Structure formats: structure tokens, C-alpha cells
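Working notes for the structure below.
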Ligand SMILES: [Zn+2]
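In our numbering, the protein residues as written are 495 to 637.
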């Protein structure tokens, strides 16, 4: 839910939204991500991560205009609603590699606080989470 409080300074980008460190992901959300990766295979799956509880990824947001290609999910971030619950991105790597590409690292640095990569075969352990610097972070899976 977006509650406008005061106008933001122009220098405040989306990467500064929110203050809680993301440490957890809901199991149902993780399962949706893995299912999305499997269903769009061999193309990439991409979505936005939302947090409606402090510190926990709770939802996926599928944004209009996101095109899935064989090599790279192309996020149309300008299509995003103004939403303080948006915390980062998730996309799939059909190759199964779970490390970020150079293009991924550029996206991570410019936008969002937490990013998940899922890979083939999209089982419960076929994913990794990264911070905006591209360093791997541990997320607990919670019911
Ligand atoms: Zn990637």
C-alpha cells in the first residue's frame, strides 16, 4: 500500500526506498518464482519483488512490457507504479548458472536492494539472492 507522506527530493531514487534489510522470503513467493522460471523456459522469466512485511519478500509483481528473451529479461522499470513496497527484481537463468552477468550487476547497482536469480532445473535450492553490489546474501525461507 502506498501512503504518500511528503514529496520526495528529485535525488531520491527507487534504490533508496525502504529502510529494512531484506532477510527472508515467503515460501509461496519463492515457489512462484521457481514455477515462473520453469514455465517460461527456455526463455527468461522476470518479475519485481515486493515486501509488505518489514524485512520479508512477500509478493511478486509482474510488470507490463517486460519482455523475456533467451539471453536476458528486459525490465521496463519505468512502467513501475510508485510503490514503496518494491524492493528488487527476480529473473531466471535458463542455463542454470546462478551468478549474475555483467548486465545483471549493472541493473543491481542502479536499481533495487535485493535481487534473486533462479536457474534450471528450478528446484527448491536452484536460486541465489544478491544485494545491490552483487554480493550474495542469505535469505531465510519462511512460511
Ligand atoms: Zn541474469
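Every residue, glycine too, gets a C-beta built ideally from N, C-alpha and C.
Bear in mind that the values here come from a model prediction, so they are computed numbers and not experimental data.
In this model, residue 633 and residue 587 are separated by some 19 angstroms (Cα to Cα). If you draw a 10 Å sphere on the C-beta of residue 594, you find 16 or more other C-beta atoms in it, and that means buried. Taking a cut-off of 5 angstroms from the heavy atoms of ligand 1, the residues with a C-beta inside it are 595 and 598.
With distances taken between CA atoms, residue 622 lies nearest to 610 out of 614, 616, 628 and 610. Spanning the alpha carbons of residue 630 and residue 533 requires a straight line of approximately 25 angstroms. Distance from the Cα of residue 618 is smallest, within the candidate group 527, 516, 518 and 515, for 527. Cβ-Cβ separation between residue 636 and residue 544: approximately 15 angstroms, too far for a contact (criterion under 8 angstroms). Assignment of residue 629 by DSSP, reduced to helix, strand and coil, places it in the coil class.
A distance of 7 angstroms or more separates the beta carbons of residue 516 and residue 540.
A distance below 7 angstroms separates the beta carbons of residue 583 and residue 542. DSSP, reduced to helix, strand and coil, places residue 587 within a strand of the structure shown.
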